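Novice:
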Amino acid sequence: MAKKIKLTTAQALVKFLDNQYIHFDGEETPYVEGFFNIFGHGNVLGIGQALQEDIGNLKVIQGKNEQGMAHAAVAFAKENFRRKIFAVTSSVGPGSANLVTASATALANNLPVLFLPGDTFASRQPDPVLQQIEHFHSHKITTNDALQPVSRYWDRIERPEQLMSALLRAFEVMTNPETSGPVTLSIAQDVEGETFEYDEAFFKKRIHYVDRIIPSEESLARAKEAILASKKPLIVIGGGAKYSLAGNEIGEFSKKYKVALVETQAGKSTVVSDHPFNMGGVGVTGTLGANKAAKEADLIIGIGTRYTDFTSASKTAFNFDESKFININVSRMQTYKMDAVQLVGDAKATIQKLDELLISYESEFASQLEDYKQEWLDERKRLAAIEIDLDDEGYQPEIQDAFGKEKLRDYANALETNYSQTTALVKVNELIDPSSYVITSAGSLPGDMHRLWHSTVENTYHVEYGYSTMGYEIAGGLGVKIAHPDKEVYCMVGDGSFLMLHTEMVTALQYGYKLNIILFDNSGYGCINNLQMGHGGDSYCTEFTKTDGSILTVDYAKVAEGYGFDTFTAKSNYELEEAIGKAKKSDNSTLIHIKVLPKTMTDGYESFWNVGISEHSTNVNVLDKVAGVLNMRDKAKQY
């Protein structure tokens, strides 16, 4: 007869998590790193008590905001190529509601996180309890139901024995490359403390084997035929290529057959920027060289990409009338996009198989790619050296002439700077150690970094753009630092995103995880202001202005100093170099407050973004833009 062990549901949960391992490429490692927690009445007496009594080998980190700590867990999973996770526990009600944004971020990026929100009483005896919502049509609905559409797998635990099947299903989903994503197990707070005699074998070491999937011979043959028929093939490197650790294979494949490389945000730094045929970011935030190569290519090989609108430039980036597509992905659904030849398989294994099949092939793209790359490097050099002189009558803003020089002058006076964002960003790139990790997520910075950032060490670029979550940058930076405690981590954040969420700065200080926050301050939501004005609108609710119209300024260095960070302010390359030098030497977390003028970010480079625009307006400037947008929509691929 199987031996039984009496445990509470919460104790059984912790014991199980501590004994999960993953096996990949012959290496076996623990799968669950630990718990992020904010305790409340829905979890402190159940999961909290279980962790207090026996945490095993798990880390336990106290968060400061449920969304923030969950974003740290998302970033940690990404940095571990989806082969290590954190569990995240919150209380019932507002605590679990705060997880929704982070779960959606994880789902959009196919990243595994285990969410464990407390819930109301399974017995319903004391209902309605504190923080419980009530519906007239169903007593069963709680706040945690809001997590259903943003979870890859969702379950509610209302009896202790349900935990076993729920956990097995959860780990199958999280460790499966095709379905990898967030899992929510909503556990009723009374059930957390209830006991059950569990089978002891359930808690023995469990190994989750992840095998590299190889496409069928028939599909490989079809792909080979398409490649041999092409003259100018181009590879789109997506996040799936990074998680597969396929950078070396893709880089060598490109050199051998003279295949162009372009990168999505998730795929950037899978292959280093110095690779001769790496054209950089593609699409709406792409480089001029990458976008020219994409339009010229007659075969597009997508590796681990979802073809989001920013990658495909709203389905205008490629010559759809002339080009063919091959898609390599562990998800069959993703391989079907763009009417592609479908290779359902692991990126690294599939590229290796294709290489074996292509005995004699070389594209006609090489000299053109070299020209495109040099053209972009010259443009990058120009962007790095922009000097703003508002006293020069001929000077105009880089992006939006409509913004006007006088308004820029007001910002220059209020922020006490005439510093360009592109100049500052390239300078940061030059100054930090190449093996450092950089992270950003939302605003104009992801676009500038996608174009301008040179990654000379593989997998050091971390940009969350699957969901473009404002507030991810600092919390995500904490997750990156936990994954790489011996490396410097730089959180690139705009003032708008900083205001959204920065509470995990305190967590970083509390646990001794050094973060370097590079805060670009242009006193507003500059990216959306560009979108607004670029489509003919007036500036409206996208700048940080007071009711009298004057510009609101905040001393973010003082905010960080109050938390306990070492802080610096930079308004020139000289001051930035001095600040980064001091930040490198500090053992403490740092914040560098960089004041930059609006309209000094990058823009365009032969790309189109299809966004909603008003087809009827009292503003003639809006109507002037409508025809161009509608014309581009007509040119875009329709499916």
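Every letter in the sequence shown is one number past the one before it in the numbering used here, and letter 225, counting from 1, is 240. We treat Cβ as the ideally placed atom computed from N, Cα and C, and that holds for glycine. Since we're looking at a predicted model, the values are computed, not measured.
1) For Gly133, which residues does DSSP report across the bridge?
2) By the three-class DSSP mapping on this structure, what secondary structure does Ala261 have?
3) Quick test of the definition: if touching needs 3 or more C-beta pairs under 8 Å, does the stretch 139-149 touch the stretch 96-104?
4) Just to confirm before moving on: does the CB-CB distance between Val198 and Tyr168 stay below 7 Å?
5) Could you check whether the stretch 307-319 touches the stretch 339-353, counting it as contact only if at least three pairs of C-beta atoms, one from each stretch, sit closer than 8 Å?
6) Taking all protein chains shown into account, do 16 or more other C-beta atoms lie within 10 angstroms of the C-beta of Gln67, making it buried, or fewer, making it exposed?
7) How would you call Ile12, buried or exposed, if buried means at least 16 neighbouring beta carbons within 10 angstroms?
8) Below 8 Å on the Cβ atoms is my contact criterion, and I expect Asp581 with Thr605 to pass it. Report the Cβ-Cβ distance as a whole number of Å.
9) Once DSSP output is grouped into helix, strand and coil, what is the label at Gly481?
10) From the DSSP output, read off the bridge partner residues of Ile172.
11) In this structure, does DSSP put Phe268 in helix, strand or coil?
12) Rank Lys246, Leu200, Val359 by C-alpha distance to the C-alpha of Ser231 and give the top, closest one.
13) Give, in chain order, every unbroken run of the beta strand (DSSP E) that is at least 3 residues long and sits entirely within the stretch 403-457.
14) In chain order, what residues of the same chain have a beta carbon less than 7 Å from the beta carbon of Ala121, not counting five sequence neighbours either side?
15) So Ser554 and Gly509 are in contact, right, with Cβ under 8 Å, and what is the actual spacing, rounded?
16) Roughly how many whole angstroms lie between the Cα atoms of Ser106 and Asn58?
17) Cβ atoms of Thr24 and Glu209: under 7 Å apart, would you say?
18) If I measure Cβ to Cβ from Phe380 and keep anything under 6 Å in the same chain, skipping five residues before and after, which residues do I get?
19) Would you mind listing the beta strand (DSSP E) stretches within the stretch 328-395 that are 3+ residues and don't spill past its ends, in chain order?
20) Which residues bound the alpha helix (DSSP H) around Phe513?
21) Taking 6 Å as the cut-off, is the beta-carbon of Cys506 closer than that to any non-hydrogen atom of the ligand ADP?
22) Please state whether the Cβ-Cβ distance between Ser329 and Ala123 is less than 7 Å.
23) For Asp404, collect the residues of the same chain with a Cβ closer than 6 Å to its Cβ; drop the 5 residues on either side in sequence, then sort them by chain order.
24) Which word fits Cys556, buried or exposed, when buried means at least 16 other C-beta atoms lie within 10 angstroms of its C-beta?
25) Using DSSP's beta-bridge definition, name the partner residues of Ala585.
26) Can you tell me which of the three DSSP states Ser111 falls into?
Specialist: According to the structure shown:
1) The sequence position of residue 133 within the sequence shown is 118, counting from 1. DSSP, once it has assigned bridges, lists Ile202 as partnering Gly133.
2) In the sequence shown, residue 261 corresponds to position 246, counting from 1. Looking at Ala261 - three-state DSSP - the assignment turns out to be coil, as it is neither helix nor strand.
3) The stretch 139-149 is not in contact with the stretch 96-104.
4) The count along the sequence shown starts at 1 and reaches residue 198 at position 183. The count along the sequence shown starts at 1 and reaches residue 168 at position 153. Yes.
5) Short answer: they touch.
6) In the sequence shown, counting from the first residue as 1, residue 67 sits at position 52. The residue is exposed, with fewer than 16 neighbouring Cβ atoms inside 10 Å.
7) The shown model of the chain, from 16 to 654, leaves out residue 12, and the question about it has no answer.
8) Walking along the sequence shown from the start, residue 581 turns up at place 566. Walking along the sequence shown from the start, residue 605 turns up at place 590. 5 Å between Cβ atoms; contact.
9) Counting from 1 along the sequence shown, the entry for residue 481 is found at position 466. DSSP places Gly481 in coil when its eight states are reduced to three.
10) Translated into positions along the sequence shown, residue 172 becomes position 157. For Ile172, DSSP records a beta bridge to Ile202.
11) Taking the first residue of the sequence shown as 1, we reach residue 268 at position 253. Looking at Phe268 - three-state DSSP - the assignment turns out to be helix.
12) As a first step, residue 231 is located in the sequence shown; it is residue number 216 there, counting from the start. The shortest C-alpha separation from Ser231 is found at Val359.
13) If only uninterrupted beta strand (DSSP E) runs of at least 3 residues are considered, those enclosed by the stretch 403-457 are 452-455.
14) Along the sequence shown, read from residue 1 onward, the residue named residue 121 stands at position 106. Excluding sequence neighbours, Ala121 sits near Val89, Val128, Gly196, Pro197.
15) Within the sequence shown, the letter at position 539 stands for residue 554. Within the sequence shown, the letter at position 494 stands for residue 509. With a contact defined as Cβ atoms closer than 8 Å, Ser554 and Gly509 miss out at about 17 Å.
16) Position 91 of the sequence shown, counted from the first residue, corresponds to residue 106. Position 43 of the sequence shown, counted from the first residue, corresponds to residue 58. The C-alpha of Asn58 is placed about 5 Å away from the C-alpha of Ser106.
17) Within the sequence shown, the letter at position 194 stands for residue 209. Within the sequence shown, the letter at position 9 stands for residue 24. Closer than 7 Å, so yes.
18) If you number the sequence shown from 1, residue 380 lands on position 365. Closer than 6 Å at Cβ, skipping near neighbours: Lys247, Lys273, Ala275.
19) With a minimum length of 3 residues, the continuous beta strand (DSSP E) runs that stay inside the stretch 328-395 are 339-344, 356-359.
20) Here residue 513 refers to the residue found at position 498 when the sequence shown is read from its first residue. Secondary structure note for Phe513: its alpha helix (DSSP H) is the uninterrupted segment 510-515.
21) No copy of the ligand ADP occurs in the structure displayed, which carries no ligand at all.
22) Translated into positions along the sequence shown, residue 329 becomes position 314. Translated into positions along the sequence shown, residue 123 becomes position 108. Going by C-beta atoms, Ser329 is not nearer than 7 Å to Ala123.
23) As a first step, residue 404 is located in the sequence shown; it is residue number 389 there, counting from the start. Tyr410.
24) Locating residue 556 in the sequence shown gives position 541, where the first residue counts as 1. For Cys556, the number of other beta carbons within 10 angstroms of its own is below 16, and it is reported as exposed.
25) One-based indexing of the sequence shown puts residue 585 at position 570. Its beta-bridge partners are Ile609.
26) Your numbering for residue 111 matches position 96 in the sequence shown. Note: Ser111 maps to helix in three-state DSSP.
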